[in-house]
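Sequences listed follow chains A and B, in order.
Going by the working numbering, the first sequence opens with residue 7, and the numbers climb by one from there.
Going by the working numbering, the second sequence opens with residue 24, and the numbers climb by one from there.
Note that CB positions come from ideal geometry on N, CA and C, so glycine has one too.
Working notes, structure below.
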Amino acid sequence: MPESYPREHIEDLVDDNLEWNQLHDMMSDFKDADRFQKVRDILQERVEWDDPIILPYADHLYVVAKSEDRWVIKCDCGHEFCEHDENWKADALINVRDSEEEYLEIYPEDMHPHPDYMELREFFCPGCNTLLEVTNVMPGYPLIHEFEPDIETFYSDWISEPIPTPEDQSA
Amino acid sequence: MSSKHNEGESFPRMQREKEKVHQQQEEGDGIGWGGQTLREQFEDLERKTEETGHYAGFEKLDLKQDQPIQYEQMFAQLRGDLVTARETSKEVAATPIVEQEGELCYGLFTPEGDSIAVSTGIIVHIHTMSEAIKYMINHDYEESPGIEPGDIFVNNDTHVGDVHACDIMTIIPIFHDGEIVAWAGGVNHVIDTGAIGPGSMNVSQASRFGDGAYYTARKVGEDLKLYNSWKKDYPDKTRTPDFLKLDERTRMTGCLMIRSAVNDIIDEYGIEKFKQLSREAIEDGRRGFRSRIKKTMLPGTYRGASFVDALYEGQDNLTRAYANENHLMHAPSELHVREDGSFQVSFEGANKWGWHPYNCTPAAIQGGIWVMLTQTVIPNSNVNDGAYYSCDFHLPVGSWANTQNTETAHAYAWHFLVSAWAPLWQHLSRGYFSRGFWEEINAGNANTSNWLQGGGIDQFDKLHAVNSFESACEGVGARYVEDGEPHAAAIWNPEGDMGDAEVWEMTEPLPFLGRAVKPNTGGAGRRSGGAGFESMRTVKDVSRWLLYEMGNGYMTSDGGLFGGYPAASGYILNAQDTDLKERFENGEDYPQHDLDPESGEFESKIDGEITRRPEGISTPKEFDDYDMYLNYLRGGSGLGDPLERDPEDVLSDIHDGYVLPRHAKDAYAVVVEKVNDEAKHNSAVQGEWELDREATEQLREERMQDRAEKAQPVTEWYEEERERIRNEEDLIDDVKKTYESSIRMSKQFAEFYHEFWDLPEEFEFSLSEKAERSLENRFKTGLKMKWDNPTKGHETWLGVGRDDEPEVPYTWTADRTIQDLPTPDSSFDDMTTGKAMDDD
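In structure tokens form, the structure reads like this:
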């Protein structure tokens, strides 16, 4: 049981270089206690900006520290969306698939939702046009704010570490 | 030797125990520990748990700490015995449902009904059997009909503790020295429940009275012998009595094996140690759940919403005229991961139950979460009701998720249940992503359909019903690190299997014409959702035969994650009055697949009355010899931007039958060219394609530009959308009825909806007269609760949704966040101290 994986192993996880049997072992094994810190540090090296990563938030998205008490959601392309506790989707680009024609680009006939009953909302990063989320909802549904991490509790109570700040980064 | 003598010798221990219990009863003692009644013992356990925050007041795990090896040995032995009971007893059954699919599960429970350990299989029933036992305790079964050594109880009443009536459970008490020390329980999915239509989960009924036979926690035997009154009762309440008789013997076999195993453990280690283990294992499970969450997730709030359709407008053979309407399920899903690692799960905002068989009870919803959690959070043997004590469920009374009305139908509760739990995968995955446990991320699951069901006079000229469990083998959601597993499992049975075609043909007069991977069923994404599959079936040697379909159609219930697309939704394809017989005789081509519904291939190979429509549900309809039926099993949802998928993988997808060539371009912006028409691959796909790398690169660049040009800022979209809602433009009655239902059910959802769209206070959707009548009819029906005496555990959902006190910390409104939440005090609040342990 590894208390901790070698950094290279976690780098391979982040860079999608692990074989299935290695991934399977990681699933079956005990969870390593320092995974968060290792992944966060590796991602920090991968991005092309200096704001310290507080959390990986979603694929391509991070919560980063702009100052000691201001955290924002940022794409790996550098685009900054909003404050960490706001819904980044409100600042995204959107395309709504709500017609038979648009559905047929993704699904065969009869195998897609009926446009009167369900639409697909595609949310893109305004900086790099990456598709960040697709939600399938009834027409007229409000935007869903999927994730509000309790960052303070996590850092102070769960991993007992100070929350990264730009000062730490430059130090 | 007389048979009586034989029986007496078979169970001497049981007879001795029974004598002891009778002796104690004469002295005024109950069957609980130390002479308490079982009810007193149960109330004492609830009180101690509530006061200390630890299961049964066990603040220390003395056995585990002082004798860890012995603790593990005892638990492993129990768990092993449960698995052995399942593996052995399933050979007794005759249905492929049990024997092939393993739709069977066993649990060992404390006297108070908390599960200590479970077998593999359909472990949704970890908690449903638990509720059934608690129901018996809380309704004074000790007084009447009595709980004694050798008694046999049966339950399939979902309002007592079950998912739906076709899961029949057998429960027996285990005694030692005059005290009840445990319960053994087993449950399996039966072929036919005697519903108004044939099959285990009929779809045409409006209420409970069409669901089939319900047996409410009933005593059906004593001295480990079934009463004649029971043996003469249930076989006539099903179309498949022989199968059900063997199912019952299966469950009895397993329960008796567990009883023997418990006796052996008591003999080896002593009764006090067994009692200690049973308490500590649950407290250990409670702590283990929290420590695993603290180790792998993030505290905070996770939200999602899922939907599924159940369209009944215009369906034939409905039992009531008022059931002739369309239903949409709305499941807002909110998970709070509290500071202590415990879960608070809320469905606040769920819409009203309906006159359809997809309603749920708390036992069903709570059972549903276990079978999920054991596949991700607690993927180990230490699964028991300890996890239940780490989760609070807020299930709005009167909603589809908790009808509290014994008139409602529940035959296929899973249709809503599976769909409603879809966002929970994503909640967990978002937490895993942030913590760096990327190997655990999963986009979701599949809508576990189609359900091929029906019945009539079969190939042996007998009344029969069928319930194909090919649906135990759907595609699963994409992982972050790999594509989703194709045709692999079903959420409700992690060990599911499609079953051998030949075995299905022995019990179903429905020969297979073909079976293949179904393209484009898995959602598109950087990692694609696992593909589903399809079987083309015909009908042979039947009379008065009915078949029907069940699954999603107009809505996809399984969303993608991080830019991946939802799984495909279902459709119906049948052919009746065909020329298949002539084609066989003439050696002509006939349809074996419907790989691409647009191709016209199916229609080109058969003459007859063809029904092809995009709905997922049909009520029972007549089929005759040589008619055809497509059984389409769904895929899982995708993960990540499809333009990030390796083009080589898309090429493999085409050859493996996962993606139709035209969607390589449309969905993935990958350019391929067909270079050969011959079959080259181990799939139903014919032809060879090659990748054009340069053209792909160029197309992907263009596609990124197209996105920027076509998409609009959300702020702009919001303004347009708000006007649309205010003016009720392009919103159909079914959708508006669903919103109104949720708004009337939930003050919190109403506030959220109005606030988000900035709607005038007096705003209401205008509904058709029919929709208005439907809502009024259901809202007026009120409650018909099953439990006279709810347990403490029920308090977490009993009060939800009341206007006077919204106990749910509903945070969907913009001005509230997790930071404003009160300390969780709704039930078993945090008393865990010290460092989180890894007990997984």
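Distance, residue j Cα to residue i Cα
i	j	result
L101 (chain B)	E110 (chain B)	14 Å
H30 (chain A)	E792 (chain B)	56 Å
G5 (chain B)	T151 (chain B)	It is not possible to answer for residue 5 (chain B), since the shown part of chain B is limited to 24 through 863.
S566 (chain B)	E518 (chain B)	35 Å
R241 (chain B)	W164 (chain A)	47 Å
R825 (chain B)	R262 (chain B)	Residue placement at R825 (chain B) cannot be trusted, given a pLDDT of 35 that sits under 50; what the coordinates show is reported in the next sentence. For R825 (chain B) and R262 (chain B), the distance between alpha carbons rounds to 43 Å.
N812 (chain B)	H162 (chain B)	7 Å
M224 (chain B)	H148 (chain B)	17 Å
A512 (chain B)	R36 (chain B)	41 Å
A387 (chain B)	A436 (chain B)	8 Å
S167 (chain B)	K43 (chain B)	19 Å
P736 (chain B)	S627 (chain B)	46 Å
Y161 (chain A)	F81 (chain B)	30 Å
V504 (chain B)	I464 (chain B)	8 Å
G593 (chain B)	H120 (chain A)	11 Å
D104 (chain B)	F266 (chain B)	25 Å
I841 (chain B)	P172 (chain B)	Because I841 (chain B) sits at a pLDDT of 40, beneath the cut-off of 50, its placement in the model cannot be relied upon, and the following sentence gives the value as read from the coordinates. Between I841 (chain B) and P172 (chain B), the C-alpha separation is close to 50 Å.
K317 (chain B)	H90 (chain A)	21 Å
E14 (chain A)	N23 (chain A)	10 Å
D18 (chain A)	G553 (chain B)	24 Å
R326 (chain B)	A333 (chain B)	24 Å
P832 (chain B)	N178 (chain B)	Low per-residue confidence applies at P832 (chain B): pLDDT is 47, beneath 50, and the placement is therefore not dependable, though the value from the model is reported in the following sentence. Going from the Cα of P832 (chain B) to the Cα of N178 (chain B) covers about 35 Å.
W55 (chain A)	P172 (chain A)	12 Å
V20 (chain A)	T738 (chain B)	34 Å
N142 (chain A)	P589 (chain B)	7 Å
Beta-carbon spacing of residue i, residue j below 8 Å
i	j	result
M573 (chain B)	S491 (chain B)	no
L864 (chain B)	M320 (chain B)	Beyond the ends of chain B as shown, which are 24 and 863, falls residue 864 (chain B); an answer cannot be given.
P62 (chain A)	V70 (chain A)	no
E430 (chain B)	S230 (chain B)	yes
N405 (chain B)	T761 (chain B)	no
I156 (chain B)	R282 (chain B)	no
P542 (chain B)	R560 (chain B)	no
L300 (chain B)	F132 (chain B)	no
T193 (chain B)	G169 (chain B)	no
D648 (chain B)	V540 (chain B)	no
Neighbour list for residue i in chain B, Cβ cutoff strictly below 7 Å
i	result
N23 (chain A)	Simply none; closest approach about 10 Å.
E152 (chain A)	Y325, R326, G327 and R453
K95 (chain A)	V737
F130 (chain A)	R730 and A734
E139 (chain A)	F585 and G586
Chain-ordered neighbours of residue i on chain A, where CB pairs are closer than 9 Å
i	result
S592 (chain B)	Y113, D116, M117, H118, P119, H120 and M124
N543 (chain B)	I112, Y113, P114 and M117
Cross-chain neighbours of residue i in chain A, by beta carbon under 8 Å
i	result
T319 (chain B)	K37
A687 (chain B)	Residues of chain A passing the Cβ test: none, with the nearest at roughly 12 Å.
I748 (chain B)	G146
Any non-hydrogen atom of the ligand PLP within 7 Å of residue i CB
i	result
I150 (chain A)	You won't find the ligand PLP in this model; it holds no ligand whatsoever.
Residue i: contacting residues in chain A (beta-carbon distance under 7 Å)
i	result
D619 (chain B)	P114
S457 (chain B)	L61, P62, Y63 and P155
Minimum Cβ-Cβ distance from residue i to chain E less than 8 Å
i	result
Y335 (chain B)	Here chain E cannot be found, since the structure's protein chains are A and B.
> Are there three or more Cβ pairs, one per stretch, closer than 8 Å when the region 715 to 735 of chain B is compared with the region 104 to 122 of chain A?
Replying inline: The region 715 to 735 of chain B makes no contact with the region 104 to 122 of chain A, as fewer than three CB pairs between them are under 8 Å.
> Can you list, in chain order, the stretches of the alpha helix (DSSP H) that have 4 or more residues and sit fully within the region 69 to 107 of chain B?
Replying inline: 85 to 89
>> For the structure I just gave you, are there three or more beta carbon pairs, one from the region 348 to 366 of chain B and one from the region 598 to 608 of chain B, closer than 8 Å?
In response: The region 348 to 366 of chain B vs the region 598 to 608 of chain B: no contact.
>> I'd like the ranges of any alpha helix (DSSP H) spanning at least 4 consecutive residues and lying wholly in the region 385 to 413 of chain B.
In response: Here the runs fully enclosed are 385 to 396.
> Which runs of the beta strand (DSSP E) fall wholly inside the region 414 to 497 of chain B and span at least 3 residues, in chain order?
Replying inline: 414 to 417, 476 to 480 and 486 to 490
> Would you call the region 480 to 490 of chain B and the region 207 to 215 of chain B touching, i.e. three or more CB-CB distances under 8 Å?
Replying inline: yes
> For the region 194 to 235 of chain B, which segments carrying the beta strand (DSSP E) assignment without a break, of at least 3 residues, lie completely within its bounds, in sequence order?
Replying inline: Within the region 194 to 235 of chain B, the complete beta strand (DSSP E) runs of at least 3 residues are 202 to 212.
>> What ranges does the beta strand (DSSP E) occupy inside the region 757 to 816 of chain B, keeping only unbroken runs of at least 3 residues that lie completely in it?
In response: The DSSP assignment places no complete beta strand (DSSP E) segment of no fewer than 3 residues inside the region 757 to 816 of chain B.
> Does the region 132 to 139 of chain A touch the region 613 to 621 of chain B, meaning 3 or more C-beta pairs lie closer than 8 Å?
Replying inline: no
>> In chain order, what are the residue ranges of uninterrupted beta strand (DSSP E) at least 3 long that sit wholly in the region 12 to 99 of chain A?
In response: 59 to 64, 67 to 73, 76 to 81 and 86 to 89
> How do the region 412 to 419 of chain B and the region 357 to 376 of chain B stand: do at least 3 beta-carbon pairs fall below 8 Å, yes or no?
Replying inline: Yes: the two stretches touch, three or more of their Cβ pairs being nearer than 8 Å.
>> Going residue by residue through the region 701 to 757 of chain B, where are the continuous beta strand (DSSP E) segments of at least 3 residues, counting only ones entirely within it?
In response: 711 to 714
>> Quick test of the definition: if touching needs 3 or more C-beta pairs under 8 Å, does the region 230 to 239 of chain B touch the region 173 to 192 of chain B?
In response: yes
> In chain order, which continuous runs of the beta strand (DSSP E) of length 3 or greater are located wholly inside the region 617 to 686 of chain B?
Replying inline: Segments of the beta strand (DSSP E) lying fully in the region 617 to 686 of chain B: 632 to 636, 644 to 646 and 651 to 656.
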